[in-house]
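Here's the structure we're looking at; comments come further down.
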Amino acid sequence: MTTQDTTPRRIEDCLVALFPDARVTLARYAERGRLDADWIAGIKGFTDGGSVHASHWERHPRGEEVLCLLEGRITVTLGAPDNAERSVPLEPGQLIVVPRGHWHRLEVHAPGRLLFITPSVGSEVRRVDSGLPAPEAFR
Numbered sequence: 001m002t003t004q005d006t007t008p009r010r011i012e013d014c015l016v017a018l019f020p021d022a023r024v025t026l027a028r029y030a031e032r033g034r035l036d037a038d039w040i041a042g043i044k045g046f047t048d049g050g051s052v053h054a055s056h057w058e059r060h061p062r063g064e065e066v067l068c069l070l071e072g073r074i075t076v077t078l079g080a081p082d083n084a085e086r087s088v089p090l091e092p093g094q095l096i097v098v099p100r101g102h103w104h105r106l107e108v109h110a111p112g113r114l115l116f117i118t119p120s121v122g123s124e125v126r127r128v129d130s131g132l133p134a135p136e137a138f139r
């Protein structure tokens with residue numbers, strides 16, 4: 001999809017890919033991770049933990065991630081280099097900036113929608129049951 005196509009689209013069906021030269025491209029979710037954009041933004045609908053990465057830790061070594069809760073209720077759990085976890089509940093209208101390289105995961109308490117702005121490539125995931133990585137993995 002290009003920005004020359006002015007056909008209206010459902011926002012939940014598209015990612016907005018942002019490039020360093022101020023160019024914007026619309027992409028399908030299936031293209032996530034394969035775009036050469038610096039950043040992607042989108043809205044993710046969720047109903048339960050299976051709708052988000054509840055069973056996996058995720059991190060973005062290339063930059064911070066912005067999570068804006070539009071509807072519903074979630075808790076963002078942040079991992080720290082000392083293997084401590086910090087849980088941050090979000091209500092609609094609140095946002096959190098996940099620091100670069102910090103492992104995090106989401107827990108759903110009520111169905112809703114989440115706006116995210118995240119680095120386009122380089123994300124890492126690991127299963128929650130494998131525990132948080134050693135402190136050197138946060139560098």
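Residue numbers (UniProt numbering): 1 to 139. We put the beta carbon where it would ideally sit given N, CA and C, even for glycine.
Tell me where the beta strand (DSSP E) around residue i begins and ends.
| i | result |
| --- | --- |
| S87 | E85 to L90 |
| L95 | L95 to V98 |
Please look up how many angstroms separate the CB atoms of residue i and residue j, rounded, as I've assumed it's under 8 Å.
| i | j | result |
| --- | --- | --- |
| S120 | W39 | 6 Å |
| L114 | F46 | 6 Å |
| L67 | F116 | 6 Å |
| residue 176 | G42 | Nothing in the structure corresponds to residue 176, since the chain is present only between 1 and 139. |
| W57 | V108 | With 8 Å as the limit, W57 and V108 do not qualify as a contact, their Cβ atoms being about 16 Å apart. |
Which partner residues of residue i appear in the DSSP bridge assignment?
| i | result |
| --- | --- |
| I74 | L90 and V108 |
| T25 | A17 |
| I43 | L115 |
| G79 | E85 |
| L69 | L114 |
What is the DSSP secondary structure of residue i, reduced to helix, strand or coil?
| i | result |
| --- | --- |
| G63 | coil |
| R139 | Bear in mind that a pLDDT of 49 at R139, under 50, signals an unreliable position, so the model cannot answer this. |
| V125 | strand |
| G49 | helix |
| A54 | coil |
| G131 | coil |
| A30 | helix |
| E12 | helix |
Relative to the C-alpha of residue i, which candidate in the options has its C-alpha closest?
| i | options | result |
| --- | --- | --- |
| V98 | S130, E91, P8 and R62 | R62 |
| R100 | D21, G79, R9 and R127 | G79 |
| R73 | V16, H104, P92 and G50 | P92 |
| D5 | V88, T25, N83 and E58 | T25 |
| R126 | P111, E85, A30 and R105 | R105 |
| R28 | R9, V52 and T77 | R9 |
| A22 | A37, K44 and W57 | A37 |
| P111 | L35, E31 and S51 | S51 |
| S130 | V16, T7 and S55 | S55 |
| E65 | T7, K44 and H102 | H102 |
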